[in-house]
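Trainee: Just passing along the structure, written as structure tokens.
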């Protein structure tokens with residue numbers, strides 16, 4: 001396996017501010033303090049369907065903005081990279097009947113609960129605010145701020161409403177009726193990886209820099225690094241829950257086969273190469289599973305371009 005270098009550390013978050021005190025004076029009477037302040041919790045991602053996210057307790061919108069990494073350091077020196085191995089609670093997945101939409105929905109929610117717990121712990125370790133994504137596990141088509149669904153993708157993440165969209169029947173159709181539950185867990189963990197990128201401050205700078213490129217081919221260089229990092233972050237989660245899920249060797253083989261199958265087509269036009277080669281798609285997923293740490297997933301600092309093509 002190719003060797004993938006680790007990242008440099010990033011700065012810690014600034015200290016939080018204190019609430020103001022208000023004083024009221026009554027004429028000819030003693031002064032006294034009467035009012036207390038109330039913090040506004042979390043940020044407001046705007047309206048949208050799905051399960052409401054749980055904000056980090058006690059964090060204001062301004063505090064979230066100042067604590068979240070930004071700029072180039074958010075990509076290459078993110079504090080999340082220094083948090084060590086993911087340490088989720090036991091995550092036994094329920095039995096999945098892929099052709100039963102209710103079973104698929106229960107399965108996705110169970111895995112999403114595990115993802116919420118694992119990544120919330122990791123962000124606390126990094127000192128970065130975190131809100132779990134909303135979940136839109138849909139049975140009927142609709143429209144998100146990012147795109148209408150169903151679409152060509154079996155699943156997608158929409159940062160505008162911090163939501164993961166997966167069709168409970170649509171995804172099974174698009175995956176040819178694959179009955180290996182780990183494949184759908186990996187898909188969910190990949191889309192969740194994009195949410196992790198957003199909460200870690202990566203996506204804003206990535207989208208900003210990508211928009212400065214003048215050709216689709218140059219834009220795709222940025223896109224591939226983002227997608228391969230999400231592959232790796234999915235691998236981090238799968239590796240961390242492998243024993244309690246549990247994942248067998250055949251499950252892992254199915255997940256890796258799927259990573260290769262959903263990568264860019266070999267010899268495809270450069271304008272359509274957005275997810276990386278089959279070899280690299282598998283490489284980064286395997287790397288995440290083996291290391292089980294977000295620090296293994298710094299695709300932005302890789303000097304060997306062959307690893308992110």
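In full-length UniProt numbering, the protein residues as written are 1 to 309.
We treat Cβ as the ideally placed atom computed from N, Cα and C, and that holds for glycine.
As the structure is a computational prediction, the values presented were derived from the model and not from experiment.
(1) How big is the Cα-Cα spacing for residue 58 and residue 129?
(2) Do residue 233 and residue 74 have their C-beta atoms within less than 8 Å of each other?
(3) What are the partner residues of residue 138, as DSSP defines its beta bridges?
(4) Leaving aside the five residues before and after residue 105 along the sequence, list all residues of the same chain whose C-beta is less than 6 Å from its C-beta, in chain order.
(5) Going residue by residue through the segment 216-289, where are the continuous alpha helix (DSSP H) segments of at least 4 residues, counting only ones entirely within it?
(6) Return the CA-CA distance between residue 118 and residue 126, expressed in angstroms with no decimal places.
(7) Which partner residues does residue 149 have in the DSSP bridge list?
(8) Please work out which residues of its chain come closer than 7 Å, Cβ to Cβ, to residue 216, disregarding the five sequence neighbours upstream and downstream, and give them in chain order.
(9) For the alpha helix (DSSP H) containing residue 107, name the first residue and the last one.
(10) Within 10 angstroms of its Cβ, does residue 87 collect 16 or more other Cβ (buried), or is it exposed?
(11) Just to confirm my understanding: we take residue 28, look at its own chain, exclude 5 residues before and 5 after, and list those with CB closer than 8 Å. What are they?
(12) Apply the 10 Å Cβ neighbour rule to residue 304 and answer buried if 16 or more other Cβ atoms are within range, or exposed otherwise.
(13) Would you mind working out which of 258, 257 and 276 sits nearest residue 265, comparing C-alpha positions?
(14) In the DSSP assignment, what residue or residues form a beta bridge with residue 158?
(15) Does the distance from the C-beta atom of residue 294 to that of residue 143 stay below 8 Å?
(16) Could you tell me the alpha carbon to alpha carbon distance between residue 124 and residue 269, rounded to whole angstroms?
(17) Exposed or buried, what is residue 243 when buried is set at 16 or more other beta-carbons lying within 10 Å of its beta-carbon?
(18) State the start and end residues of the unbroken alpha helix (DSSP H) segment that holds residue 183.
(19) So, at 6 Å on beta carbons, what are the nonlocal neighbours of residue 185 in its own chain, with the 5 sequence-adjacent residues on each side left out?
(20) Thinking just about the alpha-carbon of each residue, which of 308, 80, 89 and 98 is nearest to the one in residue 220?
(21) Given a cut-off of 8 Å, decide if residue 180 and residue 154 are closer than it, judged by their beta-carbon atoms.
(22) Given this structure, state the Cα-to-Cα distance separating residue 255 from residue 93, to the nearest angstrom.
(23) What's the C-alpha gap between residue 208 and residue 226?
(24) Could you compute how far the alpha carbon of residue 183 sits from the alpha carbon of residue 114?
(25) Do you know offhand how far residue 189's Cα is from residue 280's?
Mentor: Reading it off the structure:
(1) Residue 58 sits at position 58 when you count from the first residue of the chain shown. Residue 129 sits at position 129 when you count from the first residue of the chain shown. Annotation note: pLDDT 32 at residue 58 (below 50); position unreliable, coordinate value reported separately. Approximately 10 Å, taken between the alpha carbons.
(2) As a working note, residue 233 is residue 233 in the chain shown. As a working note, residue 74 is residue 74 in the chain shown. Between residue 233 and residue 74, the C-beta spacing is not below 8 Å.
(3) Position 138 of the chain shown, counted from the first residue, corresponds to residue 138. 167, per the DSSP bridge assignment.
(4) Looking up residue 105 in the chain shown gives position 105. Excluding residues within five positions, the ones whose Cβ falls inside 6 Å are 137 and 168.
(5) 216-241 and 249-261
(6) Residue mapping note: residue 118 aligns to position 118 of the chain shown, counting from 1. Residue mapping note: residue 126 aligns to position 126 of the chain shown, counting from 1. CA-to-CA, the gap between residue 118 and residue 126 works out to about 13 Å.
(7) One-based indexing of the chain shown puts residue 149 at position 149. 142, per the DSSP bridge assignment.
(8) Taking the first residue of the chain shown as position 1, residue 216 is located at position 216. Excluding sequence neighbours, residue 216 sits near 271.
(9) Your numbering for residue 107 matches position 107 in the chain shown. Residues 101-126.
(10) Position 87 of the chain shown, counting from 1, holds the residue named residue 87. By the 10 Å Cβ count, residue 87 comes out exposed.
(11) Stepping through the chain shown from its first residue, residue 28 is reached at position 28. For residue 28, the pLDDT reaches just 30, beneath the cut-off of 50, and the residue's location in the model is therefore unreliable, although a value from the coordinates is still provided. There are no such residues.
(12) Translated into positions along the chain shown, residue 304 becomes position 304. Burial call: exposed.
(13) Locating residue 265 in the chain shown gives position 265, where the first residue counts as 1. Residue 276 is the option with its Cα nearest to residue 265.
(14) Taking the chain shown and counting its residues from 1, one reaches residue 158 at position 158. BP columns for residue 158 point to 163.
(15) The residue labelled residue 294 in the question sits at position 294 within the chain shown. The residue labelled residue 143 in the question sits at position 143 within the chain shown. No, they are not a contact pair.
(16) Here the question's residue 124 lines up with position 124 in the chain shown. Here the question's residue 269 lines up with position 269 in the chain shown. Residue 124 and residue 269: Cα-Cα distance of roughly 42 Å.
(17) Along the chain shown, one-based indexing puts residue 243 at 243. Label assigned to residue 243: exposed.
(18) What you label residue 183 is simply residue 183 of the chain shown in a count that begins at 1. Start and end: 181-199.
(19) Residue 185 sits at position 185 when you count from the first residue of the chain shown. The beta carbon of residue 185 sits closer than 6 Å to the beta carbons of 111 from its chain, once the five residues preceding and following it are set aside; these are given in chain order.
(20) By one-based count along the chain shown, residue 220 stands at place 220. Looking at the Cα atoms, 308 is the closest of the given residues.
(21) As a working note, residue 154 is residue 154 in the chain shown. As a working note, residue 180 is residue 180 in the chain shown. No; because the gap between Cβ atoms is not below 8 Å, this pair is not in contact.
(22) For the purposes of this step, residue 255 is identified with residue 255 of the chain shown, where counting begins at 1. For the purposes of this step, residue 93 is identified with residue 93 of the chain shown, where counting begins at 1. Whole-angstrom Cα-Cα distance: 16 Å.
(23) Within the chain shown, residue 208 is the residue found at index 208, counting from 1. Within the chain shown, residue 226 is the residue found at index 226, counting from 1. C-alpha separation (whole angstroms): 13 Å.
(24) Reading the chain shown from its first residue, position 183 is the one you call residue 183. Reading the chain shown from its first residue, position 114 is the one you call residue 114. One C-alpha to the other measures close to 16 Å.
(25) Residue 189 sits at position 189 when you count from the first residue of the chain shown. Residue 280 sits at position 280 when you count from the first residue of the chain shown. Going by the C-alpha atoms only, they are around 18 Å apart.
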